[in-house]
Amino acid sequence: MPLTRRSFLGLAALPLLAACSTAYAPVTHTAPVQLTRDAILMAINEARADNGKPPLVYNEALEQAARRQANLMAQKGKLSHDLGETLRERVTAAGYLGAVGENVAAGQKTLEQAIEGWLNSPGHRSTLLSTRFVEFGLAVATHPGTRYGTYWAFIAGGPFEAWMQ
52 MPLTRRSFLG LAALPLLAAC STAYAPVTHT APVQLTRDAI LMAINEARAD
102 NGKPPLVYNE ALEQAARRQA NLMAQKGKLS HDLGETLRER VTAAGYLGAV
152 GENVAAGQKT LEQAIEGWLN SPGHRSTLLS TRFVEFGLAV ATHPGTRYGT
202 YWAFIAGGPF EAWMQ
């Protein structure tokens, strides 16, 4: 049976439902106020290299969609993939039309803690280390008066054709 775009998107969404994590750990390494694009790129690609995966390229449209999600989570004080906008709606609004996967996290005080949490979760790990993705964007938002305080969104992207093999 051929894989239709609708069934592909439905299948692709399954791991995303499991891809959310929370953690409460002491501050180490790169806090949100210290993050630069270079620091983000280095941290993500170091995690991939440590697991034998090729580096990803940074994508501003994916960052814009990730920023929208991180800000929504912080504003609402909730850890979720869908807070009134789906991942597809957010990336399309940002001008990205490829295949995507998303990891969200909350409560981690540093980028390294967020990455560690994703690597320790099968759904997150799959998204973070997929060789089908070739680029990513990442954002963090803080809101001290909320349950978690810090909210992370990572969106990986690549060509749809990579998923049709």
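Numbering follows my numbering, in which position 132 of the sequence shown is assigned residue number 183; successive positions increment by one, without gaps. Don't be surprised by glycine CBs; every beta carbon is placed ideally from N, CA and C. The model shown is predicted, which means the values in this text are computed figures rather than measured ones.
Query, Result
"In DSSP terms, what residue 92 is bridged to", "Paired residues: none, contrary to the question."
"Cβ pair residue 117, residue 179 closer than 8 angstroms", "no"
"At least three beta-carbon pairs within less than 8 angstroms, the region 120-128 to the region 187-196", "yes"
"Three-state class that DSSP yields for residue 211 in the structure shown", "helix"
"Contact set for residue 204: own chain, Cβ-Cβ below 6 angstroms, skip 5 residues either direction", "117, 120, 121, 155 and 190"
"Buried or exposed (CB count within 10 angstroms, at least 16 for buried), residue 114", "buried"
"Where residue 201 falls, given that 16 or more other Cβ within 10 Å makes a residue buried", "buried"
"Uninterrupted alpha helix (DSSP H) stretches inside the region 92-150 (no shorter than 4 residues)", "111-127 and 138-144"
"Residue 150 beta carbon less than 8 angstroms from that of residue 213", "yes"
"Burial state of residue 94, where buried means 16 or more other Cβ atoms lie within 10 Å", "buried"
"Beta-carbon proximity check, residue 183 vs residue 209, cutoff 8 angstroms", "yes"
"Three-state secondary structure (DSSP) of residue 162", "helix"
"Alpha carbon of residue 206 to alpha carbon of residue 111, nearest angstrom", "11 angstroms"
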